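For the sequence shown, the UniProt record's numbering assigns the number 1 to the initial residue and increments by one for each residue that follows.
Here a beta-carbon is modelled for each residue, glycine too, at the ideal position from N, C-alpha and C.
The structure displayed is predicted, hence computed values, not measured ones.
Scroll down for the structure; my scribbles are underneath it.
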Amino acid sequence: MEKLYYADYAVDKMAVQAEDGIVENEMVPEVSEQIQQPTRLVYQWVDITDEFSQACSELHLGELLRDSSFTLFEAMSAIEMMDPKMDAGMLCNQTKRKVLNFEQSIKASTVSIKDLKFPKLIGIMDATLACLVTWLEGHSLAQTVFTNLYLHNPYIIEDRYLKAFCICILKTVDIIRDRVNRAGAFEEEDFQLVTYGFKMAAETSDVRAIGMMKEVEEEVNRIIKNTRSKPGTQRDSDTQTEHCLSVAVYNRLKFYRMFLTVLISFSKEKCEGISQAQRLLTQLIELVPQMKKELPLGIQAEEGGVTKTDYPTIMGFEPLVNQRLLPPTFPRYTMIKSREEALDYMENQLLCRLQTVTLITEITSLHNMLEIFTEFSKTCPCVLSRSLLQLLFLPFNKKLFGIYSIVDTLKESIRNFIAPVALFPKSSLYNNPQAKEYVDAFLTKAVRPVCTIFQITGHNRARQREKWTHILEELAALQEEADKVDSYLHSQLIKTEPTKVHLACFGTWVLYHTLYVMINYTLAGLELELYATYEYHYIFWYLHEMLYAWMVSTLVRADSFLLEHEAQNEFIEEFLQLDALPNANYSESVVGDFYVPPARGPVRWYWQRPRSNGVFYVAPAQESVQCFVHMPPAQVPVR
């Protein structure tokens, strides 16, 4: 049995005395020096093997001792700690070289912080982008971005180009973390938020970070102008090389500055920064091919020596520097993308997806937005683009695009989908206070499930399937509520307008979204290959005979409501243009072939499908009075 030790600790007495001021006067210089040092803990290890064994012997078979301060997590951590196969922090012991942090590397002269040559700057910038892309694909910051030692403390860097670049990267990382965290459309396999205590240049504002990048851009631009070929003169090879390197540095500084500006533009309220983001994204995409050509200009890592725990790097990068910051879990192998792959990712995936995200603001129909969200999800976008799309659609103020009320948007969506009578001002239900209260209550309850459907499309494809099942429960409750509202509205409508119906209007709209969720859930199983081969004909039968059949029936019903509403509006326009139609207040009289009973107030005309006897119903402005108009079939306006 291995020895067990209990760690008791005592605070360094001298440090405590220094903080309390209990020190002789002649020791003040030493005290001030010690005050600057953090309080040190002196561990006093005690062998508890015998006591532990004795305590365990008193337990009977099947008994388990539990303590609030020693849970299963601590127990498993104790088993995994110091185990080379289970503790990620033990990987540092498997390399022969000494792992140095940023300050130690500066003292050892293995890292330069001033007067960096342009090839080194280019290499550091390209390698950092590769780490950033690797982080976006789900790896931890400690094993990707913060393997760059310069990012640990950029304020001690004396080189202005590198300092501005490092601060810009930290601000970029901070904004990405904030956007992804606020959107909440990620899982543990998608993204790692933990910063491991690293600071994100909070002392520098976003505006100042962009200003620093512009300043160094201008400096490099002056070098470019001075080394540019002039008419009638020929440049030497050194000047030409310096010019090419300057252009490469300038392109990278401009790229990172514009990328940070794009992220900030997406954060502006009411989508005010979308136009700027669209312009900058176009420039970024145009800049990437030039950066690809300039990749050989930067310093490169030596080939060979790649293992699961280590890989060759350039100056300023240490793969194992943060290894001991990781929790005692199974070591996760992190393979940093190559520089070419990182630029391909930015050009063909991230930047193009962000361009697609900016187009969502041009869509006005909620159903069209849902289709776009669904198709966007099928491209398996990264967590950043998914999060920005979610926040653009429904930001923190819970208004659509930060401007429109969700309830009003739902009302317009339902009106365009099935044209329920209760949502049109000409209907008697529209001004009925109790009916209006029922409709508003239903729309308020519909906000959460509808928004959840959009949010589910923001998760990765594998996680979407399990989330579809949860939303079905909410939609089932909403379906029941919709049926109750439709029933009540219909009972109120036939009292004033007996020719109209309000059955299954809101219910049809809810059913459409329910079927949409059910279809997506079923298709997700096919996409994830969750069904056995013998189950395929069950699945396809269910899709064809049930889900899609119901979907077609739902859409046909909604379309018939829309056509009837459209036909009614067109007929009323033709009907009101007839010369013989009474358009003022009349007492009981016969006007031509029209019989108009007494009506108090202006007549408001409502049309029902023409009958063979040519009878049409007319409702006066005061809904309590119902009158009829008889028109011979020969005079019925033909559509």
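Ranking Arg179, Thr533, Leu526 by CA distance to the CA of Leu543 puts Leu526 first. Inter-segment contact for the segment 380-398 and the segment 345-364 is present: three or more beta-carbon pairs are separated by less than 8 angstroms.
The shortest C-alpha to C-alpha distance from Arg160 to any of Leu149, Glu218, Ala435 is the one to Glu218. Note that the segment 471-483 does not touch the segment 393-407; fewer than 3 beta-carbon pairs, one per stretch, sit closer than 8 angstroms. For the options Ala532, Leu429, Arg461, Gly507, the alpha carbon positioned closest to that of Ile494 is the one of Leu429. In the same chain as Leu523, and ignoring 5 residues on each side of it, no C-beta atom comes closer than 6 angstroms to its own. Proximity to Arg252 across Leu530, Thr128, Val510 peaks at Thr128, based on C-alpha coordinates. Here Leu562 has Ala419 as same chain residues with Cβ atoms under 6 angstroms from its own Cβ, once five neighbours each way along the sequence are excluded. Look at Leu400 here: in three-state DSSP terms it is strand. In summary, Ser237 is exposed, with fewer than 16 beta-carbon neighbours lying within 10 Å of its beta-carbon over all protein chains present. The count of Cβ pairs closer than 8 angstroms, one atom from the segment 51-68 and one from the segment 105-125, stays below three, leaving the stretches out of contact.
Under the three-state reduction of DSSP, Val321 is assigned to coil, being neither helix nor strand. The three-state secondary structure of Val46, taken from DSSP, is strand. When the five nearest sequence neighbours on each side are left out, the beta carbons in the same chain lying within less than 8 angstroms of the beta carbon of Thr409 are those of Leu366, Leu400, in order along the chain. Counting C-beta atoms within 10 angstroms of its own C-beta, Arg461 has fewer than 16 neighbours from the protein chains shown and is therefore classed as exposed. At a Cβ-Cβ threshold of 7 angstroms, Tyr155 and Cys166 do not count as neighbours.
The C-beta distance from Glu189 to Gly138 rounds to 6 angstroms, short enough to fall under 8 angstroms.
Pairing Asp344 with Phe259, the inter-Cα distance amounts to about 15 angstroms. Checking the DSSP bridge columns, you'll see Asn148 partnered with Phe317. In the structure shown, Phe70 adopts extended strand secondary structure according to DSSP, grouped into three states. Here Gly458 is not near Ala277, since their CB atoms are 7 angstroms or more apart. Between the C-alpha atoms of Gln323 and Ser338 there is a straight-line separation of about 21 angstroms. Taking 7 angstroms as the cut-off, the Cβ atoms of Lys163 and Ile157 count as close. Non-local beta-carbon contacts of Glu187 in its own chain, meaning distances under 8 angstroms to residues more than five positions away in sequence, involve His459, Asn460, Arg463 in chain order.
Cβ contact annotation for Glu412 (same chain, cutoff 8 angstroms, sequence separation greater than five): Leu366, in chain order.
Counting C-beta atoms within 10 angstroms of its own C-beta, Lys230 has fewer than 16 neighbours from the protein chains shown and is therefore classed as exposed. Counting only the Cα atoms, Asn148 lies some 7 angstroms from Glu318. Here Leu391 really is in contact with Ala183; their C-beta atoms are around 5 angstroms apart, less than 8 angstroms.
Using a 10 angstroms sphere on the CB of Asp126, the tally of other CB atoms reaches 16 or more, which defines it as buried.
Taken in chain order, the whole beta strand (DSSP E) runs of length 3 or more contained in the segment 414-470 number zero. In this structure, Val180 sits near Phe191, with a CB-CB distance shorter than 7 angstroms. In the three-state DSSP reduction, Asp115 falls in the coil class, being neither helix nor strand. By the Cβ neighbour-count rule, Gly316 is buried, with 16 or more other Cβ atoms within 10 Å of its own. Per DSSP, the continuous alpha helix (DSSP H) segment holding Ile223 begins and ends at 206-227. In the DSSP annotation of this structure, Met346 is not part of any alpha helix (DSSP H), being labelled neither H nor E. Residue range 160-183 is occupied by the alpha helix (DSSP H) that includes Tyr161.
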